[in-house]
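What follows is a short report on a single structure.
Numbering (this note's numbering), first residue to last: 2 to 123.
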């Protein structure tokens with residue numbers, strides 16, 4: 002069962018900056034507006050220097066148990082286990098002198114590495 006959301010699930014959101022950048026990325030992909038259009042898969046995986054790490058990847062396959070979150074004209078795909086660890090978090094896009102990248106602002110993270118991709122939860 003695919004869960005389609007008109008609004009983000011409580012506790013996980015996509016910032017306007019992230020939605021705008023994701024729209025640009027998806028629009029540049031083949032089949033950008035067709036049924037196999039890419040979405041951004043956001044996942045939390047075991048690993049990194051603090052126990053968990055974020056993973057971001059373009060994915061055209063929506064899995065049966067995914068939550069699909071609209072992000073402007075694009076979409077964010079999240080599996081159930083990752084969604085639990087993303088409660089209260091926001092997907093954001095940062096463009097600075099240090100580079101341009103997606104980040105997750107996660108209030109559940111009790112510590113994180115300097116680059117922001119690895120975190121721990123007590």
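Ideal Cβ positions, reconstructed from N, Cα and C, are used throughout, including at glycine.
Counting every other CB atom within 10 Å of its CB across the protein chains shown gives residue 83 a total of 16 or more, marking it as buried. Contact annotation, residue 78 with residue 42: C-beta distance approximately 5 Å; criterion of less than 8 Å satisfied. Secondary structure remark: continuous beta strand (DSSP E) runs of at least 3 residues inside the region 24–67, in chain order: 40–47 and 53–60. For residue 82, the enclosing alpha helix (DSSP H) begins and ends at 81–86.
When DSSP states are grouped into helix, strand and coil, residue 17 belongs to the helix group. The beta-bridge partner set that DSSP reports for residue 70 consists of 77. Its chain contains 52, 53, 86, 109, 110 and 111 as the residues whose beta carbon lies nearer than 8 Å to that of residue 122, once the 5 sequence neighbours on both sides are disregarded; these appear in chain order.
Taking C-alpha positions only, residue 92 is separated from residue 68 by approximately 14 Å.
Note on geometry: alpha-carbon atoms of residue 13 and residue 73 lie some 15 Å from one another.
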